[in-house]
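Inspection log for the structure reproduced underneath, given as structure tokens.
Residue numbers (this note's numbering): 181 to 367.
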């Protein structure tokens, strides 16, 4: 299964950051995603960078839902893959297939706590923050995708989940150290 388990794979990128799209493409090619992902090119929010990031993620979810996707992956364009193992990732997606009530699979992020599952490649987790690389199933995406901005930053949007949240073990998607200009736009 691996990446084939997912119906849509998106990568968010701000319109003027061609450098990030080039770097992300190199990363995607290294993990078998050449030609399998779609950049979602967004304009920077005119007033609030956090709102812009939230709306960009919701755009990806809506795009996936409107395309009929049952399982969606979202990356940000500063993704850096390390420790990716196709065999282990295949086990992750087999686990998800056997547990259709899953809601989110973190490919990277920060967690509060974790516990073992029946598969050594997947841990059940309590989410802390970061939303730069995750998979989400359709039912949960439907609860988020059309929710307007309410001041909750995307990097904490999954905190209310108390069950059916998993992480690849070990996680393999990180944020690289490409320069970010988000700080210039924060309110």
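Glycine residues also receive a C-beta, built at the ideal position from the N, C-alpha and C atoms.
Residue from the options whose Cα sits closest to the Cα of residue i
i, options, result
"residue 357", "263, 308, 257 and 287", "257"
"residue 224", "217, 218 and 236", "236"
"residue 279", "266, 247, 299 and 202", "299"
"residue 342", "321, 305 and 323", "305"
"residue 198", "184, 265, 222 and 329", "222"
"residue 301", "184, 265 and 338", "265"
Residue i and residue j closer than 8 Å at C-beta
i, j, result
"residue 260", "residue 308", "no"
"residue 318", "residue 245", "yes"
"residue 348", "residue 269", "yes"
"residue 315", "residue 255", "no"
"residue 350", "residue 263", "yes"
"residue 303", "residue 346", "yes"
"residue 243", "residue 320", "no"
Length of the line joining the Cα atoms of residue i and residue j
i, j, result
"residue 186", "residue 277", "11 Å"
"residue 220", "residue 233", "12 Å"
"residue 226", "residue 352", "33 Å"
"residue 228", "residue 238", "16 Å"
"residue 334", "residue 311", "6 Å"
"residue 271", "residue 188", "19 Å"
"residue 355", "residue 290", "12 Å"
"residue 344", "residue 297", "11 Å"
"residue 274", "residue 253", "16 Å"
"residue 241", "residue 325", "5 Å"
"residue 332", "residue 251", "23 Å"
"residue 209", "residue 200", "14 Å"
"residue 217", "residue 267", "20 Å"
"residue 249", "residue 322", "11 Å"
"residue 230", "residue 181", "34 Å"
"residue 215", "residue 292", "34 Å"
"residue 337", "residue 327", "11 Å"
"residue 202", "residue 211", "15 Å"
"residue 183", "residue 330", "32 Å"
Below-8 Å beta-carbon distance, residue i vs any chain B residue
i, result
"residue 264", "Any reference to chain B falls outside this structure, which holds one protein chain only."
Every unbroken alpha helix (DSSP H) within the segment 191-277, with a cutoff of 4 residues, ordered by chain: 198-210 and 229-246
The segment 192-212 touching the segment 284-291, judged by at least three CB pairs closer than 8 Å: The segment 192-212 vs the segment 284-291: no contact.
Complete alpha helix (DSSP H) runs within the segment 278-353 (minimum length 4 residues, chain order): 318-324
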